[in-house]
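Trainee: The structure that follows is given in the form of structure tokens.
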Amino acid sequence: MSLRIIVLAKQVPDTRNVGKDAMKADGTVNRAALPAIFNPEDLNALEQALRLKDANPGTTVTLLTMGPGRAAEIIREGLYRGADGGYLLTDRAFAGADTLATSYALSMAVRKIKEYDLILCGRQAIDGDTAQVGPQVAEKLGLNQITYAEEIVNVKNGRITVKRRLERGVETVEAPLPIVVTINGSAPECRPRNAKLIQKFKHAKTVTEKQEASADYLELFSTRPYLNLEEWSVADVNADVKQCGLSGSPTKVKRIENVIFQAKESKTLLPTDTEIDELMKELIANHTIG
Amino acid sequence: MNNIFVYCEIEDGIIADVSLELLTKGRSLANTLGCKLEAVVAGHQLGTVGKQVFPYGVDVLHLFDDARLFPYTPLPHTSILVNLFKKEKPQIAFMGATSIGRDLGPRVSSALGSGLTADCTSLEIGDHEEKKENKVYKNLLYQIRPAFGGNIVATIINPEHRPQMATVREGVMKKEIVDLVYKGETKTYDVSQYVSEADFAVAVIDRQIEKSKTNIKSAPIIIAGGYGVGSKENFQLLYDLAAAIGGEVGASRAAVDAGFCEHERQIGQTGVTVRPKLYIACGISGQIQHIAGMQESSIIISVNNDPAAPINTIADYVITGTVENVIPKMIKYYKQNTK
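First to last, the protein sequences are chains W and A. Per our numbering, the very first residue in the first sequence carries number 1; after that it's consecutive. Per our numbering, the very first residue in the second sequence carries number 1001; after that it's consecutive.
Structure below.
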């Protein structure tokens, strides 16, 4: 059966490669010093969607991302790998959103997309590690959810079978569509970008990006409609501005501190027999070992 | 009313350690606030639950017993908490940052429109002044967690919304019995009043849960390896030392990601928090996320050929050398000098 799949994806700062200049002198994060990447587990989710598309002809994969204008890159990255289209949810009013306000905005955009069978997203994003947005979007849409998925075993007769990877084992569950499924990093990696698709979509742009695009390419957007990426504001998705961004966020950040550890006075030893023997002797004598 | 609630996980009739740890934290916060501590358990055959939780200072135990509530699925447990919380109006609610708590917590918070902070490493009570509005909030829950890949620590509050919800990973808090004969009250519920038939849409068709193979959390000695150990083969040296002196092997996230060691042994913010008597960090540079999970160890030895490794600043002993060189020497001395 053909499926209509929405993949929720986030552009995140690459917190795994934090260098020395990642923190400013005042202790705040220097986002500009960190490369913006496709959240890794969202790529795992995209791969699951593309596999379903391979196996079920007629299936469509649509990306939905929320962020500043540059997050349109996420949609292009998806198109390069085989997605069919995408929407960028962007508006000043979305800024400062915690997971609840983010989920509200995403759920309103999903309502606008309207027709779907399956919503996939990464279990969590590396900049927050909360794993909250997937289940909260599901709740806002009144949908069921399967989290920690490692493999979508199959989709048939309107039901989905999913293998979940838990702390101490695996669980296989079955549920009716439509449903939200969040994908673990232990799922297969996403396929690489396809050279032909890069050629096809490299000039795909949102309305805002088009204003800065070189005039040489402008006529492309009317002759090749697939190069037009849709950009949605709070009003476009009929969202209540009070429930978006900072004002829609029940959690507030009271304080941010740099991590400073209490340095100890440490004893430095050389890796010689004598010095290690001395240390071991001391540890045995004071009953730390033995 | 306005008490502290802990959602307790249960497997094979046994309440999870993380839940008992949260009850311990909840008891101490309830004492600070002068309120009650209440526990919620949903599952099947819950006969011994009271005996397990009351010693941790639980004042009220809410029991939801139905064969369909085990194994856990999201909607029935969400409905129980949402409906119970609407009635009881807790000021604070905790659950484990496990595959259950992190599935359930966000759903409950979304349904109630309340804030939720994941993976807290510390929970405290304090006030908050909103200068712009000239408003003071008394006795809020400070939800403290590392953020941004562990590079900063954020204190999160929910001034206006209740319950203030937080999840905490296993091992982060200590569990402590307050009174073996603590007297609490048990309330049992008619599950059908809380959960609708439609909530049981997800069917668990297969489940293979293993008992935990390692007991790293309570090991008195931990020999942990990082990316600097270099290979899975070199990790064997750590196991040899652990076998000789009676310890467990742990690993940093980098070592687990590199495939040197299984995830179950990961120590740090996204793994287990440990407090052994002796922690030997081998080839671990000491990312903040790792240090957060082991800094309370009594004695820390760092074996690292980089004298400037960040972990050295919190170590009691720094051995500037490689794992291949140092570890065999430790094993040799121990074998020769003990019986």
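We treat Cβ as the ideally placed atom computed from N, Cα and C, and that holds for glycine. Given the structure is predicted, the values throughout are model-derived calculations rather than measurements.
If you draw a straight line from the alpha carbon of Pro192/W to that of Arg111/W, how long is it in whole angstroms?
Mentor: Numbered from 1 along the first sequence, position 192 holds the residue referred to as residue 192/W. Numbered from 1 along the first sequence, position 111 holds the residue referred to as residue 111/W. Taking the straight line from one Cα to the other gives about 30 Å.
Trainee: In chain order, which beta strand (DSSP E) runs of at least 3 residues are fully inside the segment 1203–1251 of chain A?
Mentor: Runs found: 1203–1209, 1221–1225 and 1248–1251.
Trainee: Give the single residue among Ile289/W, Met1/W and Ala239/W whose Cα lies nearest to the Cα of Ala1242/A.
Mentor: Residue 1242/A sits at position 242 when you count from the first residue of the second sequence. Minimum Cα distance to Ala1242/A is reached at Ile289/W.
Trainee: Measure the alpha-carbon distance for Arg92/W versus Ser233/W and round it to whole angstroms.
Mentor: The residue labelled residue 92/W in the question sits at position 92 within the first sequence. The residue labelled residue 233/W in the question sits at position 233 within the first sequence. Answer to the nearest angstrom: the Cα atoms are 9 Å apart.
Trainee: Mind pulling the chain W residues with CB within less than 8 Å of Tyr1334/A?
Mentor: Reading the second sequence from its first residue, position 334 is the one you call residue 1334/A. Correct list: Met280, Ile284, Ile289 and Gly290.
Trainee: Just tell me which of Arg1102/A, Ile1300/A and Asn1304/A has its CA closest to the CA of Ile1320/A.
Mentor: As a first step, residue 1320/A must be located in the second sequence, where it is residue number 320. Sequence check: residue 1320/A is Thr here, not Ile. It is Asn1304/A whose Cα lies nearest to the Cα of Thr1320/A.
Trainee: For Glu1210/A, would you say it is in contact with chain W, using Cβ-to-Cβ distances shorter than 8 Å as the test?
Mentor: Taking the first residue of the second sequence as position 1, residue 1210/A is located at position 210. Closer than 8 Å to some Cβ of chain W, the Cβ of Glu1210/A qualifies, so yes.
Trainee: Using a Cβ-Cβ distance cut-off of 8 Å, determine whether Pro1163/A contacts chain W.
Mentor: Here residue 1163/A corresponds to residue number 163 of the second sequence, with the count starting at 1. No, Pro1163/A lies away from the interface with chain W (no Cβ there is under 8 Å from its Cβ).
Trainee: Would you say Ala1309/A faces chain W, with C-beta separation under 8 Å as the test?
Mentor: Here the question's residue 1309/A lines up with position 309 in the second sequence. Judged by the 8 Å Cβ criterion, Ala1309/A is not in contact with chain W.
Trainee: Report the CB separation of Asn44/W from Ile183/W in whole angstroms; it is logged as a contact under 8 Å.
Mentor: Position 44 of the first sequence, counted from the first residue, corresponds to residue 44/W. Position 183 of the first sequence, counted from the first residue, corresponds to residue 183/W. Sure, about 5 Å apart at Cβ, within 8 Å.
Trainee: In chain A, what lies closer than 9 Å to Gly128/W by C-beta?
Mentor: For the purposes of this step, residue 128/W is identified with residue 128 of the first sequence, where counting begins at 1. Going along chain A in sequence order, the residues near Gly128/W (Cβ under 9 Å) are Ala1118, Ala1147 and Phe1148.
Trainee: Closer than 8 Å between beta carbons: that is the criterion. Which residues of the segment 146–172 of chain W meet it against chain A?
Mentor: Answer set for the segment 146–172 of chain W: Ile146, Thr147, Tyr148, Thr161, Arg164, Leu166, Glu167, Arg168, Gly169, Val170, Glu171 and Thr172.
Trainee: Taking the continuous alpha helix (DSSP H) assigned at Pro135/W, which residues delimit it?
Mentor: Translated into positions along the first sequence, residue 135/W becomes position 135. Counting along the chain, the alpha helix (DSSP H) containing Pro135/W begins and ends at Val133 to Leu141.
Trainee: Can you name, in chain order, every residue of its own chain whose Cβ lies under 7 Å from the Cβ of Asn1234/A, other than the five neighbours on each side?
Mentor: To locate residue 1234/A, count along the second sequence from 1; it is residue 234. Once the five neighbours on either side are set aside, the close Cβ partners of Asn1234/A are Val1323 and Glu1324.
Trainee: Which runs of the beta strand (DSSP E) at least 3 residues long sit entirely within the segment 1036–1104 of chain A? Give them in chain order.
Mentor: Runs of the beta strand (DSSP E) inside the segment 1036–1104 of chain A: 1037–1043, 1060–1065 and 1092–1096.
Trainee: Can you list the beta strand (DSSP E) stretches of 3 or more residues lying completely in the segment 1126–1195 of chain A, in chain order?
Mentor: Runs found: 1135–1147, 1152–1157, 1164–1168 and 1185–1188.
Trainee: Quick check: the Cα distance between Pro1076/A and Val1082/A, rounded to an integer number of angstroms?
Mentor: The count along the second sequence starts at 1 and reaches residue 1076/A at position 76. The count along the second sequence starts at 1 and reaches residue 1082/A at position 82. Cα to Cα, the separation comes out at about 10 Å.
Trainee: Grouping DSSP H, G and I as helix and E and B as strand, with all else coil, what is Asn157/W?
Mentor: Position 157 of the first sequence holds residue 157/W. Note: Asn157/W maps to coil in three-state DSSP.
Trainee: Taking contact to mean at least 3 C-beta pairs separated by less than 8 Å, is the segment 1042–1049 of chain A in contact with the segment 1125–1145 of chain A?
Mentor: Output reads no: the segment 1125–1145 of chain A does not touch the segment 1042–1049 of chain A.
Trainee: Cβ closer than 8 Å: which chain W residues qualify as neighbours of His1128/A?
Mentor: Position 128 of the second sequence, counted from the start, is the residue given in the question as residue 1128/A. Within chain W, the residues near His1128/A are Lys254.
Trainee: Considering only the alpha carbon of each residue, which of Arg159/W, Leu177/W, Ala49/W and Val253/W lies closest to Ile1156/A?
Mentor: If you number the second sequence from 1, residue 1156/A lands on position 156. If we check each option's Cα against that of Ile1156/A, Val253/W comes out closest.
Trainee: Could you name the residues of chain A that Leu269/W contacts, counting a contact when the two beta carbons are closer than 8 Å?
Mentor: As a working mapping, residue 269/W is identified with position 269 in the first sequence. Chain A residues near Leu269/W: Tyr1317, Val1318, Ile1319 and Thr1320.
Trainee: Sorted by chain position, which residues of the same chain lie with C-beta nearer than 7 Å to Arg1027/A's C-beta, five sequence neighbours on each side aside?
Mentor: Residue numbering aside, residue 1027/A sits at position 27 when the second sequence is read from its first letter. Closer than 7 Å at Cβ, skipping near neighbours: Leu1037, Tyr1056, Gly1057 and Val1178.
Trainee: Could you list which residues in chain A have their beta carbon closer than 8 Å to that of Ile276/W, in chain order?
Mentor: Walking along the first sequence from the start, residue 276/W turns up at place 276. The contacting residues are Ile1319, Val1326, Lys1329, Met1330 and Tyr1333.
Trainee: Quick one: which chain A residues come within Cβ less than 8 Å of Asp216/W?
Mentor: Along the first sequence, read from residue 1 onward, the residue named residue 216/W stands at position 216. Within 8 Å Cβ-Cβ: nothing; Asp216/W doesn't reach chain A, min ~40 Å.
Trainee: Our contact map puts Gly169/W next to Gln1208/A with C-beta atoms below 8 Å; I'd like the distance itself, whole angstroms only.
Mentor: Here residue 169/W refers to the residue found at position 169 of the first sequence. Here residue 1208/A refers to the residue found at position 208 of the second sequence. Sure, about 5 Å apart at Cβ, within 8 Å.
Trainee: Is Thr15/W buried or exposed, if buried means 16 or more other CB atoms sit within 10 Å of its CB?
Mentor: Counted from its first residue, the first sequence places residue 15/W at position 15. Classification for Thr15/W: buried.
Trainee: Residues of chain A with CB under 7 Å from Thr118/W, in chain order?
Mentor: Taking the first sequence and counting its residues from 1, one reaches residue 118/W at position 118. Note that residue 118/W is Leu in the sequence shown here, rather than Thr. Near Leu118/W there are no residues of chain A at all, since even the closest Cβ is about 14 Å away, more than 7 Å.
Trainee: At 3 residues or longer, and completely inside the segment 146–225 of chain W: list those beta strand (DSSP E) runs for me, N to C.
Mentor: Counting only runs of 3 or more, we get 159–166, 169–176 and 179–183.
Trainee: In this structure, how does DSSP classify Asn228/W when only helix, strand and coil are distinguished?
Mentor: Looking up residue 228/W in the first sequence gives position 228. In this structure, Asn228/W counts as strand in the three-state DSSP scheme.
Trainee: Beta-carbon separation of Ile1222/A and Pro1276/A under 8 Å?
Mentor: To locate residue 1222/A, count along the second sequence from 1; it is residue 222. To locate residue 1276/A, count along the second sequence from 1; it is residue 276. Yes.
Trainee: What's the C-alpha gap between Thr65/W and Ile1014/A?
Mentor: The sequence position of residue 65/W within the first sequence is 65, counting from 1. The sequence position of residue 1014/A within the second sequence is 14, counting from 1. About 41 Å.
Trainee: Listing by chain order, which chain W residues have their CB less than 9 Å from the CB of Lys1025/A?
Mentor: Your numbering for residue 1025/A matches position 25 in the second sequence. Near Lys1025/A there are no residues of chain W at all, since even the closest Cβ is about 19 Å away, more than 9 Å.
Trainee: Does the segment 1119–1134 of chain A touch the segment 224–243 of chain W, meaning 3 or more C-beta pairs lie closer than 8 Å?
Mentor: The segment 224–243 of chain W vs the segment 1119–1134 of chain A: no contact.
Trainee: Could you tell me which chain W residues have their CB closer than 8 Å to the CB of Ala1203/A, listed as they occur along the chain?
Mentor: On the second sequence, position 203 is the one that residue 1203/A refers to. The contacting residues are Val173, Glu174 and Ala175.
Trainee: Just the C-alpha distance for Glu1248/A and Val1274/A, rounded to the nearest angstrom, thanks.
Mentor: In the second sequence, counting from the first residue as 1, residue 1248/A sits at position 248. In the second sequence, counting from the first residue as 1, residue 1274/A sits at position 274. Going from the Cα of Glu1248/A to the Cα of Val1274/A covers about 11 Å.
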